[in-house]
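Let me begin by presenting the structure, written as structure tokens, before commenting on it.
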Amino acid sequence: MLERESGNHLILIFCCVKIQRSNSLFTPRPFLLFFSSAFFRWLKSQAYGWGLGERVHSNFVGKRSERSEMDDSTPVSEERYEITNKHGEKLVGVLRKCNTGSKKVVILCHGFRSSKDDNTMLNLAAALTKEEICNFCFDFSGNGESEGVFEYGHYRREADDLHSVVLYLSQQSYHVIAIVGHSKGGNVVLLYASMYDDIKMIINLSGRFDLRNGIKKRLGEEFMQIIEKDGYIDVKDRKGIYRVTKHGLMDRLNTDMTKEVTKIKEDCRVLTIHGTEDKIVPVLDAYEFGKLIANHKLHIIEGANHSYTEHLAELFSAVVGFITSS
0 MLERESGNHL
10 ILIFCCVKIQ
20 RSNSLFTPRP
30 FLLFFSSAFF
40 RWLKSQAYGW
50 GLGERVHSNF
60 VGKRSERSEM
70 DDSTPVSEER
80 YEITNKHGEK
90 LVGVLRKCNT
100 GSKKVVILCH
110 GFRSSKDDNT
120 MLNLAAALTK
130 EEICNFCFDF
140 SGNGESEGVF
150 EYGHYRREAD
160 DLHSVVLYLS
170 QQSYHVIAIV
180 GHSKGGNVVL
190 LYASMYDDIK
200 MIINLSGRFD
210 LRNGIKKRLG
220 EEFMQIIEKD
230 GYIDVKDRKG
240 IYRVTKHGLM
250 DRLNTDMTKE
260 VTKIKEDCRV
270 LTIHGTEDKI
280 VPVLDAYEFG
290 KLIANHKLHI
300 IEGANHSYTE
310 HLAELFSAVV
320 GFITSS
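Here the sequence shown is numbered in the numbering used here, starting from 0 and rising by one per residue.
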């Protein structure tokens, strides 16, 4: 039995459990689980990923629309898209449109081995929607629901994915006013600015300056010897096991952010936000970007970690303030 009580925003799920012990079964016993309404919305959205929801396909994009609420006062229309990248892979994304009818949109880009459903992305999307700013968040190829094979590195390829999204939204009469990237996504949006020069507002959240750093921490001290010998290394983290190929590693090592960010033109406004307690990418990296990017603003958040867990209000204020100040 699944029941939602709208007044208290609770869901009651009536379950029976079989417990096996010493080759005998205990009598199934019912119990109740209580979930928040936020979990209910998440469960509903996941139904589409599990093939339980409706999808409408066309030659280039499939989308579905539904009404949901980011909070009690801000109605938002969500549309699910499948956009084909230059390699023929479908990129899955969600467009959140506010009730103003504005065609201006901000694109959000997730980090390493993450997705559009990462808490940082969802929180940013909610903050933008609350301010009546339309936003689009998608999974890079090989991540989340998108097609393709995950690859370590792939910085320029992910910038190409982003370009496919920008082009498609433009074809649908949307005006992409800014791109925001977190962690690896921060590097991707900066690379995008150096490669394409068609978006004049870039927000880099906790991006790494020198991509040669941070590799040993993830891959181990002897990663290079293993990759030279076997051609790859399998790495286990809290999300599971992923493979780093020699090609993927060299892609990262050959991506020179020093060279790339100096190509960003002065008419492109760049904001870098970083936390002083970031244990994944040191805050000093943010200052290095500030030295090289012509039109750059730096916002340091005291005490914030890599995901700004306890400092979301200041993060939202800085991001929204930068976007609306243009």
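Yeah, the Cβ is synthetic: ideal placement off N, Cα and C, and Gly gets one too.
Cross-strand partners of Asp233 (DSSP beta bridge): Bridge partners of Asp233: Arg242.
Rounded straight-line distance, which links the Cα of Thr323 to that of Gly219: Looking at the two C-alpha atoms, the distance is approximately 43 Å.
What did DSSP end up calling Lys296 once you bin it into helix, strand or coil? Residue state, collapsed to three classes: strand.
Could you give the DSSP three-state label for Leu210: helix, strand or coil? Three-state result, Leu210: coil.
Between the region 172-187 and the region 232-246, can you find at least three pairs of beta-carbon atoms closer than 8 Å? These segments do not touch.
Could you check where the beta strand (DSSP E) with Arg112 kicks off and where it finishes? Where Arg112 is concerned, there is no enclosing beta strand (DSSP E), given that its DSSP letter is neither H nor E.
Using only the alpha-carbon positions, how far apart do Asp209 and Met256 sit? Between Asp209 and Met256, the C-alpha separation is close to 7 Å.
Among Ser182, Ile202, Asn122, Asp250, which residue has its Cα nearest to the Cα of Arg112? When only C-alpha atoms are compared, the closest one is Ser182.
Name, in chain order, the residues that DSSP records as bridge partners for Phe135. For Phe135, DSSP records a beta bridge to Leu94, Ile106.
So, Ala126 versus Val260, is the Cβ gap smaller than 8 Å? Inclusion of Ala126 and Val260 in the CB contact set at 8 Å is not warranted, their separation being larger than that value.
Tell me which residues share the same chain as Asn142 and place their Cβ nearer than 6 Å to its Cβ, disregarding the 5 neighbours each side in the sequence. Spatial neighbours of Asn142 in its own chain (CB-CB distance under 6 Å, excluding positions within 5 residues in sequence) are listed in chain order as Ser114.
Among Leu283, Asn98, Lys89, Met120, whose alpha-carbon lies nearest the alpha-carbon of Glu131? When each option's Cα is compared against that of Glu131, the closest is Asn98.
Report all residues from its chain with a CB closer than 6 Å to the CB of Ile300; omit the five preceding and five following residues, and keep chain order. Correct list, in chain order: Gly274, His310, Glu313.
Would you mind working out which of Leu204, Asn203, Phe222 sits nearest Arg211, comparing C-alpha positions? That would be Phe222, whose Cα lies nearest to the Cα of Arg211.
Supposed close pair Gly92, Phe137 - CB separation, criterion 8 Å: Between Gly92 and Phe137, the beta carbon gap of about 3 Å places them in contact (Cβ cut-off 8 Å).
Count the other C-beta atoms from every protein chain shown that fall within 10 angstroms of the C-beta of Leu11, then say buried if there are 16 or more, exposed otherwise. The pLDDT assigned to Leu11 is 37, lower than 50, so where the model puts this residue is not dependable; a value taken from the coordinates is nonetheless given after this. Exposed, because fewer than 16 other Cβ atoms sit within 10 Å of the Cβ of Leu11.
Between Phe321 and Ile202, which are expected to be in contact by the criterion C-beta below 8 Å, what is the C-beta distance as a whole number of angstroms? 6 Å between Cβ atoms; contact.
Taking DSSP as the reference, what is the three-state secondary structure of Thr26? Low confidence applies to Thr26: its pLDDT is 38, below 50, so where it sits in the model is not reliable, and the reading given next is rough at best. Thr26 falls in the coil class under three-state DSSP.
Nearest-angstrom Cα distance between Asn118 and Thr128? Those two C-alpha atoms are separated by around 15 Å.
Given Ser169, which residues of its chain have a CB within under 8 Å of its CB, disregarding the five upstream and five downstream residues? Val175, listed in sequence order.
Apart from the five residues on each side of it in sequence, which residues of its chain come closer than 6 Å, Cβ to Cβ, to His305? Ser205, Asp277, Ile279, listed in sequence order.
Residue span of the beta strand (DSSP E) that contains Ile176, given as start and end: Following the DSSP letters along the chain, one finds Ile176 inside the beta strand (DSSP E) bounded by residues 174-181.
Pop quiz: Phe135 and Val104 are said to be a contact at Cβ under 8 Å. What is the actual Cβ separation, rounded to whole angstroms? Rounded, the Cβ-Cβ distance is 6 Å, consistent with contact.
Apply the 10 Å Cβ neighbour rule to Leu90 and answer buried if 16 or more other Cβ atoms are within range, or exposed otherwise. Per the 10 Å Cβ criterion, buried.
Tell me the rounded alpha-carbon separation between Leu123 and Thr271. In a straight line, the C-alpha of Leu123 is about 15 Å away from that of Thr271.
Bridge-paired residues (DSSP) for Ile201: Its beta-bridge partners are Ile178, Val269.
In this structure, how does DSSP classify Thr257 when only helix, strand and coil are distinguished? Thr257: helix per DSSP, three-state reduction.
Does DSSP classify Lys89 as helix, strand or coil? Looking at Lys89 - three-state DSSP - the assignment turns out to be strand.
Just verifying my parser: in three-state terms, what is the DSSP assignment at Gly329? There is no way to answer for residue 329, as the model of the chain reaches only from 0 to 325.
Closest by CA to Ser76, which one among Ile292, Ala158, Ser101, Cys108? Looking only at Ile292, Ala158, Ser101, Cys108, the smallest Cα-Cα distance to Ser76 is reached by Ser101.
Quick one: measure Cβ to Cβ for Asp196 and Lys264, integer angstroms, because I've assumed they're closer than 8 Å. Going by Cβ atoms, the distance from Asp196 to Lys264 rounds to 6 Å, so yes, they are a contact pair.
Does Arg79 pass the burial test, meaning 16 or more other C-beta atoms within 10 Å, or should it be called exposed? Residue burial is scored here from C-beta neighbours: Arg79 has at least 16 other C-beta atoms within 10 angstroms and is therefore classed as buried.
Strand pairing of Thr83, partner residues [DSSP]: DSSP output for Thr83 lists Lys89 as bridge partner(s).
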